[in-house]
Amino acid sequence: MASSCLAGLAVAASGAETVRVPAGTYVPFYARESVKTARGQEDLHRPISVASFALDRRPVTNREYQLFLRAHPEWRKSAVKPIFADAHYLAHWRSDLDFGDDADAERPVTNVSWFAAEAYCRAQGKELPTTDQWEYALADNGRDRDALRQRILTWYGESGAHELPAAKSGVANGFGVQGLAGHVWEWTLDFNSLMSGPDLRGSGQQFCGGASLGASDPNDYASFMRYSMRASLKASYTTKLLGFRCARNEP
Amino acid sequence: MSFAARYDYPLFRRFMFLSLAAVVLWCARAHADPRDVNVNAPIKGQETALLTYAPDVPPPIARTYSTKVVIHLEVKEVEGRLADGVSYTFWTFGGKVPGKFIRVREGDLVEFHLDNHPDNKMPHNIDLHAVIGQGGGAASSLTAPGHSSVFSFKALVPGLYVYHCATAPVAMHVGNGMYGLIYVQPRKALPKVTHEYYVMQGDFYTKGANGQQGLQPFSMEKALAEKPEYVVFNGSVGALTGANALPAKVGDTIRLFVGNGGPNLTSSFHVIGEIFDTVWPEGNTSTPAHDVQTTMIPAGGAAIVEFKINVPGTFLIVDHSLARAFNRGALAQLKATGPENKLVYSGKISDEVYLPEGTGIRVTEQPSGLPAPAASKAERVKLGEIVFKTNCMACHQENGQGIPGAFPPLAMSDYLNGDKTRAIRTVLGGRQGVLTVNGAKYDGVMPAWTLTDEDIANVLSYIYGNWGNSGFEVTPTEVKAARSEAANAK
């Protein structure tokens, strides 16, 4: 009894419960840098390695974010600087600290900017996961790949006007991480490091058929959408379906 | 080389050069590149574009100068009807499929605002084929939900153009309905017509098969295989049929602005019972074609078609790749009312039996072997059932109920029960022309049957002995008598 209570307290003190994601490799959807094969062709299928890291089991909820705002008033709606968050910041909250009812408390917090999300994670002694960490966690070593893609595509087809499900309702994948697919979009630390780099700017690669150039799997529509979403964002942007979770690198 | 040659050659060349230069200069003056003219066309004033939902088209632009046109187009992801009982989450330019119709004038400066509604899940952008510039606008308009992008372009080339979302994966954005038309009206506008309508084809890839009920998610597999479940005009099955048919009157001139959003299929666009007086192929407005039956509209392409309504009727608008029209929804209607012109089209004048040489008599399938003659009325009725099922059931149906409007009923038929001899003669000799059965008129053909006297007696006894009929027995003797009577009459 006493020990489980203490464990619960420990979780609360360090923010959300995390899952250890073991080291491994995955094939990024877009290669971060041009790699050539022995025959001089673009190698789009080169796996990259990801070191083990800790990742929040679930997206950060409105209640957790409220705790953060109590301690960090500069991130409240009325105080946040416009360069750090656009006009939709916490648009679904009634006031600075009022996110709504008990059901809202358990929903992923959205309408938060990258700046705000990163500040939250730092306050927990963490950071936003890198795109590689996030995508590696989603890829789940290829488990149930087709079912996962279809789940994501089905989510795309559901109206965004519906209420969000509770953060803890997400199905756990092989790593034990919940809700990476089918709940909300999530910020990554380096969300803007692809498609907007100087080598790609003006290449035509970010739209229409051009986007299939350089993709490791042009048939993976679900991934295209995530990368398009990230490419559409700036760090101050907030949207109704964009939340986040935090990660901690292992020393 | 002689002196003369050295002297004459440059002179000749100089002459050639001068005359060539003159021709070039003359051509340049007469045919200044219209694109350059439009780049430099001065802009007077500003207006906000009036956008319309299909099938409406904004009114022709009467203005004679170039202006700045401000366009606000809102992207909305909405659940809507794809077919009866089938819904789909459409991604739209303006809330419906196809997107709102945009009309500007050649030389206009267009300031485009792409607004992505905050409730949307997806980032979106827009590629207008009327734009000359990277991505047709897509390079400048990737927009997160709750944001708005602005870019501008000059409408340099007149014509009818598709616009569409070009965010990756583009086939999914377009497959979910993200397309519409922009018409860059030429400086010299096309002639006035009675009606301008907006029709746009698109193919849809649902997880469930055609007709499967409920909210259908997008099927990536079917999109990749280019095997749509639905091919429709204006965003849903029946968007332009029945009460939604395009209205017209005899004497009207009709101009259809037709687009094909795809994402994958090419349309063989055809209006059944019309001939296009003019087609502006692929949406260009400089080179019309005349007297066209079917025009190809590529995915991501458009055409302007014009025709005059000469006679009333319901004119079906189809993709003449007909399985799409018949089975997948690519069917619209234009309903024209007004006086008939029997000279142009008579309507059906008559329907007569066609009897090629030697085939006037229906040779029937014989039940196997020659059965023994029936020993009783009950046996006759029983044997008649086999004859009925082999020969008569296809038209008169299993329980003799017939098919309304086509084949008269045998069950409780006043015509049948009223006169046994007439019934025998009908089976023997066939029948054609107007016939009233139980108060309903039929105008069909029944062939003469090469059945034996025994079979005819049996089948008629079967018919009379069932379905509430009079219960008459017909004997082979009666059939034989009727047969010789008919032979004598000839």
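So the protein lines, in turn, are chains Y and H. Per this note's numbering, residue 23 is the first one in the first sequence, and the count goes up by one each step. Per this note's numbering, residue 3 is the first one in the second sequence, and the count goes up by one each step. Ideal Cβ placement from N, Cα and C applies to all residues, glycine included.
| task | State buried or exposed for residue 41 of chain H, treating a residue as buried only when at least 16 other CB atoms are found within 10 Å of its CB. | result | exposed
Beta-carbon separation of residue 170 of chain Y and residue 206 of chain Y under 9 Å? Contact flag unset, no.
Fill in: Same chain, Cβ closer than 7 Å to residue 50 of chain H, neighbours up to 5 away in sequence not counted
72
* Asked: residue 295 of chain Y and residue 209 of chain Y: beta carbons closer than 9 Å?
  -> The displayed coordinates of chain Y run from 23 to 273. Any statement about residue 295 of chain Y would go beyond what the structure contains.
Looking at residue 54 of chain H: is its Cβ nearer than 9 Å to the Cβ of residue 254 of chain Y?
no
Quick one: grab the DSSP three-state call for residue 266 of chain Y.
coil
Legend entry - Under 7 Å from the C-beta of residue 110 of chain Y: neighbouring residues of chain H: 120 and 148
Looking at the C-beta of residue 224 of chain Y, does it have a partner C-beta in chain H at a distance below 9 Å? With a pLDDT of only 45 at residue 224 of chain Y, under 50, the local geometry of the prediction cannot be trusted, and the value read off the model is given with reservation. Yes, because at least one Cβ of chain H sits closer than 9 Å to the Cβ of residue 224 of chain Y.
Q | Cut-off 7 Å between Cβ atoms - residues of its own chain near residue 154 of chain H, not counting five sequence neighbours on either side | A | 111, 112, 113 and 114
Determine whether the Cβ of residue 90 of chain H lies closer than 9 Å to any Cβ atom of chain Y. yes
(request) Please confirm whether residue 231 of chain H and residue 206 of chain H have their CB atoms less than 9 Å apart. (result) yes
Check residue 418 of chain H in the structure and name its three-state DSSP category. helix
Could you check which residue in H/157, H/104 and H/171 has the C-alpha nearest to that of residue 126 of chain H?
H/171
Could you give the distance in angstroms between the alpha-carbon of residue 167 of chain Y and the alpha-carbon of residue 237 of chain Y?
-> 17 Å
According to DSSP, is residue 245 of chain Y helix, strand or coil? Helix at residue 245 of chain Y.
Going by C-alpha to C-alpha distance, which of H/395, H/330 and H/449 sits closest to residue 428 of chain H? H/449
Using a Cβ-Cβ cut-off of less than 8 Å, give me the residues of the region 178-196 of chain Y that come near chain H, in sequence order. Correct list: 178, 179, 180, 181, 182 and 183.
Go ahead and label residue 295 of chain H buried or exposed: buried means 16 or more other beta carbons lie within 10 angstroms of its beta carbon, across all protein chains shown.
exposed
Q: Select from the region 128-149 of chain H all residues with a C-beta closer than 7 Å to any C-beta belonging to chain Y, and list them in chain order.
A: 129, 136, 137, 140, 141, 144, 145, 146, 147, 148 and 149
Measuring alpha carbon to alpha carbon, tell me which of H/65, H/85, H/43 and H/279 ends up nearest residue 330 of chain H. Ranking the options by Cα distance to residue 330 of chain H, first place goes to H/85.
What runs of the beta strand (DSSP E), each 3 residues or longer, lie entirely inside the region 237-295 of chain H? Taken in chain order, the complete beta strand (DSSP E) segments of 3 or more residues contained in the region 237-295 of chain H are 248-251, 255-264, 269-273, 278-282 and 291-294.
| Residue from H/246, H/318 and H/304 with nearest C-alpha to residue 277 of chain H | H/318
Below 8 Å, can you find three or more Cβ-Cβ pairs linking the region 37-48 of chain Y to the region 62-75 of chain Y? Below 8 Å, enough C-beta pairs join the region 37-48 of chain Y and the region 62-75 of chain Y to call them touching: three or more.
Taking the DSSP output, what are the residues bridged to residue 163 of chain H? Bridge pairing for residue 163 of chain H: H/184 [DSSP].
For residue 210 of chain Y, return the contacting residues in chain H, with the cut-off set at a CB-CB distance below 9 Å.
None at all; the shortest Cβ gap to chain H is about 15 Å.
Are any of the Cβ atoms in chain H nearer than 9 Å to that of residue 250 of chain Y? yes
Quick check: residue 216 of chain H and residue 102 of chain H, are their CB atoms within less than 9 Å of each other?
No.
request  = Leaving out five residues on either side along the sequence, give the residues of the same chain with a beta carbon under 8 Å from the beta carbon of residue 1 of chain H.
outcome  = Look at the range of chain H in this structure, 3 to 492, and you will see that residue 1 of chain H is not part of it.
Review point. Rounded C-beta distance between residue 446 of chain H and residue 408 of chain H? I'm assuming under 8 Å.
Key: About 6 Å separates the CB atoms of residue 446 of chain H and residue 408 of chain H; that is less than 8 Å, so the two are in contact.
Notebook entry, point to check: Cβ atoms of residue 259 of chain H and residue 165 of chain H: under 9 Å apart, would you say?
Noted result: Taking C-beta atoms as the reference points, residue 165 of chain H and residue 259 of chain H fail to come closer than 9 Å.
Notebook entry, point to check: Tell me which same chain residues have a C-beta within less than 8 Å of the C-beta of residue 123 of chain H, skipping the five on either side of it?
Noted result: 79 and 147
Report task. Indicate whether at least one CB of chain Y lies closer than 9 Å to the CB of residue 183 of chain H. Result -> no
- Item | Alpha-carbon to alpha-carbon, residue 110 of chain Y and residue 128 of chain Y | 20 Å
- Message: Am I right that residue 197 of chain Y and residue 242 of chain Y are in contact with their C-beta atoms under 8 Å? What's the rounded C-beta distance?
- Response: Rounded, the Cβ-Cβ distance is 20 Å, inconsistent with contact.
query: Is the region 123-139 of chain Y close to the region 75-87 of chain Y, with three or more CB pairs under 8 Å?
result: yes
_At the level of alpha carbons, what is the spacing between residue 67 of chain Y and residue 173 of chain H?_
23 Å
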